[in-house]
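Protein chains in written order, with the working numbering: chain A, 119 to 492; chain B, 3 to 165. Even for Gly, the Cβ is constructed at its ideal location relative to N, Cα and C. This report refers to the structure that appears directly beneath it.
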Amino acid sequence: MEQQTFLADKIRTQEYFLNMGPQHPATHGVMRMVLKLDGEIIRNIDPVLGYIHRSIEKMCEHDNYKQIIHLTDRLDYLSAHMNNEAVALLVEKASGIEVSDRIKVIRTMMSELTRIASHTLWWGVMGMDTGALTTFMYAFRDRELINDIMEETCGARLTMNYSVIGGVRYDLHENFVKRVKDFIVHFKKKLPEYDRLLSDNVIFRKRTEGIGYITKEEAIAFGLNGPTGRASGFACDIRKLKPYSAYDRVEFQEVMATEGDAFARYKVRILEMWESLRILEQLVDQIPEGEHRVKTKAVIKLPVGEYLQRVETARGDFGVYVISDGGSSPYRLKFRSPGFANLHGLNKMSIGYKIADLIVNFSTIDVVVPDMDR
Amino acid sequence: MSYIGDIINGSKTLLTGMSITGNYFFKNLFTRKDVITQLYPDNMNELKMFDRFKGEVIMFHDENNQHKCDACTNCEIICPNGSIEIVWERVADPETGKNKKVLLNHIYHLEMCTMCGLCIEVCPADAIGWGQDFHHVTRDRADLTKVLNKPGSSIMPGVKEKK
Ligand code: SF4
Ligand code: SF4
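The following block contains the structure:
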């Protein structure tokens, strides 16, 4: 017995490097991570970006403000509507365009639908990353209903490109209210099923509880945001901090957790779907009448200056920062994407854990690679 | 004791999960009530897309093979990707004798189009709009470059030339 302990102390595995990605199915896209491993234990992670860099920020400098919006669909494609909204809100704020209540409510509802769609997809993939294929199918079943709502009103399922400067592109489809109500009823029945299927599952619990721990201080230091930051107890919901659109008139709770582990991040997202449903319920019956689009000038020019607009996407705090030289396209445009900030926390979360835990952590920060790598 | 308790609890959560999946499985084994999967190539003929679905940009023609495009090139200018090229010439109007722009080819590169919808929005004559077809798979990229105005088509009478 003594001899064995002695041996185990003596024999150290050599630290070695392992490439994970760029075409690894668990990296949710083209993302490469160079892992420094000691046996199966992670010592360091170096994310390597650039495989799907499309220089969207540079492209924006050549496009006028109307044309920029459709590019933001391609950042975080699961929160496409919120990204569109961010640019639209920025230009409206900077050029003093007032939008009607109807527009605000439509945008808020679309944002919340997008959030639910994004979180359901994340839930499915989260299950898949921990080895449960069923969740993926069930998540897509429910997400399909939102996709239908989107397709009917916006014309596209994923890259909606629905917000435009001064409103939304089309008025709501006549079936919209009915479909949203049906969806709320349907999803309220299905969400508890999510819990019974995955949240309470013993294997899933063992794989997420106590894994990928990150404290509140570290979360703030690394700039974590969205559900990832809130799971560590960092109140960072832009909908509460700086309400935009119709968020100041709806009642909802900022979902928080204090544990800071992978399961807390999971829990926050599940509870956020309930809150989104609550917002939808409050708004669906009282969409104000009015125009869906304000007339704007053909060429929109922003006054000289710097502008910033933040919105809360499904992944966190998405910011658009524009320096305008008075022209019809920005002098410089910067997207502050939530996924990129959350990626910084990954190293802290995963050091000392196993490779399989890295997959769980990677999944719980809800990565969308085009969001990090613009 | 807790060891056995763990096993019992664990099995219970697994059975709960399996009761859900089993429920769906047996309920839909014979009736396809909850099934939302569409059997895509089989239902190709019945499949109807939503009216607003953005499949491709098309140009509307009436029964006389006439369209409304007066080659104002607004759509060409607004397109962020340069997916549209308008080829036009000036032809003397037989009635007034004035030179008028006439559309020769409205060339649309579907392979470069991002479906942003700006061209459709900006068209003063509503000559173009969304088509619902999404069967764009081809073996050759060149097949995706389309000429939107049909061969032999002409402009509808009454469409005014805009500045
Ligand atoms: S939809 Fe957008 S990208 Fe496509 S042709 Fe029209 S303007 Fe160009
Ligand atoms: S904007 Fe309309 S009318 Fe003008 S060239 Fe394009 S399709 Fe023709």
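- With respect to chain A, the C-beta atom of G119/B has a partner C-beta closer than 9 Å.
- Residues of the region 309-330 of chain A with a Cβ closer than 7 Å to any Cβ of chain B, in chain order: E311, R314, L315, D318, N319, V320.
- Using a Cβ distance threshold of 9 Å, M200/A and F436/A count as a contacting pair.
- Under the three-state reduction of DSSP, K472/A is assigned to strand.
- Under DSSP, G285/A shares a beta bridge with V282/A, R411/A.
- Taking every protein chain shown into account, the CB of S481/A has 16 or more other CB atoms within 10 angstroms, so this residue is buried.
- Here the distance from the Cβ of I130/B to the nearest heavy atom of ligand 2 is below 8 Å.
- Of all residues in the region 21-55 of chain B, the ones placed with a Cβ closer than 7 Å to any Cβ belonging to chain A are I22, T23, I38, F52, R54, F55, in chain order.
- Closer than 8 Å to some heavy atom of ligand 1: that does not describe the Cβ of G133/B.
- With respect to A349/A, R383/A sits close: the two C-beta atoms are nearer than 9 Å.
- Here the C-alpha atom of T140/B lies approximately 41 Å from the C-alpha atom of G24/B.
- Cα atoms of C178/A and M151/A: separation of roughly 29 Å, rounded to the nearest angstrom.
- Within the same chain, Cβ atoms closer than 8 Å to the Cβ of T226/A are found at S363, A364, Y365, V368, I397, L401, the five residues on either side in sequence being excluded.
- For chain B, none of the residues of the region 193-212 of chain A brings a beta carbon within less than 8 Å of one of its beta carbons.
- Nearest in C-alpha terms to T333/A, of all of E377/A, L315/A, E409/A, W392/A, is E377/A.
- Excluding residues up to 5 positions away in sequence, E210, G284, G285, V412 lie with their Cβ nearer than 8 Å to the Cβ of V217/A in the same chain.
- Under the 10 Å beta carbon count, A144/B is surrounded by fewer than 16 other beta carbons and is classified as exposed.
- With respect to the C-alpha of L426/A, the residue from R433/A, F453/A, A416/A having the closest C-alpha is F453/A.
- Around the beta carbon of F28/B, a 10 Å sphere encloses fewer than 16 other beta carbons of the protein chains shown; the residue is thus reported as exposed.
- T238/A sits away from A198/A, with the two beta carbons spaced by 9 Å or more.
- By the neighbour-count criterion, in which a residue is buried when 16 or more other Cβ atoms sit within 10 angstroms of its Cβ, D379/A is buried.
- N182/A and H69/B have their alpha carbons spaced roughly 29 Å apart.
- With 16 or more other CB atoms across the displayed protein chains lying within 10 angstroms of its CB, G347/A is buried.
- Taking C-beta atoms under 8 Å as the contact rule, A212/A and L420/A qualify, at a distance of about 5 Å.
- At least 9 Å separates the CB of A382/A from every CB of chain B.
- In this chain, the alpha helix (DSSP H) harbouring A198/A covers 198-213.
- Sorting D53/B, I10/B, I86/B, G99/B by C-alpha distance to the C-alpha of C125/B places I86/B at the top.
- With a cutoff of 9 Å on beta-carbon distance, V93/B and N101/B are scored as near each other.
- Counting only residues of its own chain and dropping the five nearest sequence neighbours on each side, I224/A has a CB closer than 8 Å to the CB of V286, L290, I405, H410.
- No Cβ-Cβ contact shorter than 9 Å links R450/A with A204/A.
- DSSP lists N137/A, D164/A as the bridge partner or partners of V152/A.
- Partner residues in the beta bridge of N107/B, as assigned by DSSP, are V89/B.
- Cβ proximity to chain A below 8 Å picks out P82 from the region 81-98 of chain B.
- For a Cβ distance threshold of 9 Å, residue set H188, L189, D191, R192, T277, N279 of chain A lies close to T116/B, ordered along the chain.
- The Cβ-Cβ distance between L105/B and I157/B falls below 9 Å.
- Following the DSSP letters along the chain, one finds G437/A inside the beta strand (DSSP E) bounded by residues 435-442.
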